[in-house]
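*Asks:* Mind having a look at this structure? Questions to follow.
In the numbering used here, the protein residues as written are 30 to 259.
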């Protein structure tokens with residue numbers, strides 16, 4: 030079932046792209062989004078105010094792991110001419126490999142034909158990333174049956190239409206159907222509303238460390254751990 034947004038007659042269902050080529054232009058766009066999400070109050074590793082320069086060293090380390098094939102970059106993309114959430118709709122099937130919104134891609138270290146048959150979409154053309162996250166592989170060989178979800182973010186101009194839910198569903202599908210994982214985990218700080226969001230996405234709280242995250246003087250937040258069985 031499709032969900033219409035606003036009064037615009039021209040609506041777009043974003044497609045899923047896994048591990049797009051990390052060009053300098055794409056890197057800059059993702060870092061810029063990361064800064065804007067942070068400055069809007071998003072809990073993605075920093076506290077406002079931040080600039081792209083503040084985030085770039087951390088981002089570069091993450092992008093290098095993607096380039097090496099250790100981590101996976103999951104994106105939702107929309108045509109460049111679609112500028113904001115008023116021109117987008119979500120698809121309840123976006124996280125399913127049966128959705129027509131998935132196309133083709135070759136992912137480092139994975140058989141491209143196998144991925145194509147599973148419907149994962151590929152290189153960016155005249156498109157922009159509107160939401161993204163990372164699936165991080167553990168360095169421990171004892172923990173390779175699950176991965177950690179982190180840096181979950183939706184462009185502030187596109188928030189409020191369900192893209193976060195669609196992104197999480199797409200990541201779970203990719204993790205299960207392509208990577209063959211059994212579970213996903215993630216951590217978030219308390220007091221941001223993210224806990225309710227992850228629970229709506231099917232994750233269950235499995236623990237918390239009180240006051241583990243200090244976001245400012247006299248402002249400590251719990252580190253909340255979530256788990257999703259695939």
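For each residue, glycine too, the CB sits at the ideal point set by N, CA and C. Predicted model, so just to flag it, every value in this text is computed and none were measured.
Closest to residue 1 by CA distance: which of 208, 78, 106 is it?
*Replies:* No answer is possible for residue 1: the residues shown for the chain start at 30 and end at 259.
*Asks:* Write down the C-beta distance between residue 189 and residue 114 rounded to the nearest angstrom, noting that I regard them as a contact closer than 8 angstroms.
*Replies:* Indeed, because the Cβ distance is near 6 angstroms, the residues count as touching under 8 angstroms.
*Asks:* Would you please state the rounded distance, in angstroms, between the beta carbons of residue 203 and residue 101? I believe it to be under 8 angstroms.
*Replies:* That pair is a contact at about 7 angstroms.
*Asks:* Secondary structure at residue 240, three-state DSSP: helix, strand or coil?
*Replies:* Reduced to three states, the DSSP call for residue 240 is strand.
*Asks:* Taking the alpha-carbon positions, what's the residue 138 to residue 249 distance?
*Replies:* Note that residue 138 scores 33 on pLDDT, short of 50, meaning its location in the model is unreliable and no value can be drawn from it.
*Asks:* For residue 48, is the classification buried or exposed, using 16 other Cβ atoms within 10 angstroms of its Cβ as the cut-off for buried?
*Replies:* Result: buried.
*Asks:* From 70, 50, 158, 43, pick the residue whose C-alpha is nearest to that of residue 218; which is it?
*Replies:* Minimum Cα distance to residue 218 is reached at 70.
*Asks:* Would you mind reading off the limits of the beta strand (DSSP E) that contains residue 92?
*Replies:* That residue, residue 92, is in no beta strand (DSSP E); its alpha helix (DSSP H) goes 81 to 97.
*Asks:* If we call anything under 9 angstroms between Cβ atoms a contact, is residue 257 one with residue 232?
*Replies:* Contact flag set, yes.
*Asks:* Who pairs with residue 234 in a beta bridge, going by DSSP?
*Replies:* Answer is 255, bridged to residue 234.
*Asks:* Could you check what DSSP says for residue 42 in three-state terms: helix, strand or coil?
*Replies:* The answer is coil: DSSP assigns residue 42 none of H, G, I, E or B.
*Asks:* In chain order, which alpha helix (DSSP H) runs of at least 4 residues are fully inside the stretch 175 to 242?
*Replies:* Counting only runs of 4 or more, we get 192 to 206, 223 to 229.
*Asks:* Of all the options 105, 63, 96, 211, which has the alpha carbon lying nearest to the alpha carbon of residue 177?
*Replies:* Among 105, 63, 96, 211, the Cα nearest to that of residue 177 belongs to 211.
*Asks:* So, is residue 52 buried or exposed, given that buried needs 16 or more other C-beta atoms within 10 angstroms?
*Replies:* So residue 52 counts as exposed.
*Asks:* What is the C-beta distance between residue 180 and residue 73, in whole angstroms, given that I count them as a contact (C-beta under 8 angstroms)?
*Replies:* At roughly 5 angstroms, the Cβ-Cβ gap stays under 8 angstroms, so residue 180 and residue 73 are in contact.
*Asks:* In terms of DSSP beta bridges, what is residue 157 paired with?
*Replies:* Paired residue(s): 107.
*Asks:* When you compare each of 42, 88, 76, 50 to residue 61 by their alpha carbons, which one comes out closest?
*Replies:* Answer by Cα proximity: 88.
*Asks:* For the candidate residues 183, 213, 201, whose alpha-carbon lies nearest to that of residue 172?
*Replies:* Looking at the Cα atoms, 213 is the closest of the given residues.
*Asks:* How long is the line joining the alpha carbons of residue 79 and residue 184, rounded to whole angstroms?
*Replies:* Whole-angstrom Cα-Cα distance: 16 angstroms.
*Asks:* Are the beta-carbon atoms belonging to residue 161 and residue 84 less than 9 angstroms from one another?
*Replies:* Cβ atoms of residue 161 and residue 84: not closer than 9 angstroms.
*Asks:* Going by CA-CA distance only, name the one from 187, 76, 224 that's closest to residue 236.
*Replies:* That would be 224, whose Cα lies nearest to the Cα of residue 236.
*Asks:* Of the choices 159, 81, 92, 64, whose alpha-carbon is the least far from that of residue 110?
*Replies:* That would be 159, whose Cα lies nearest to the Cα of residue 110.
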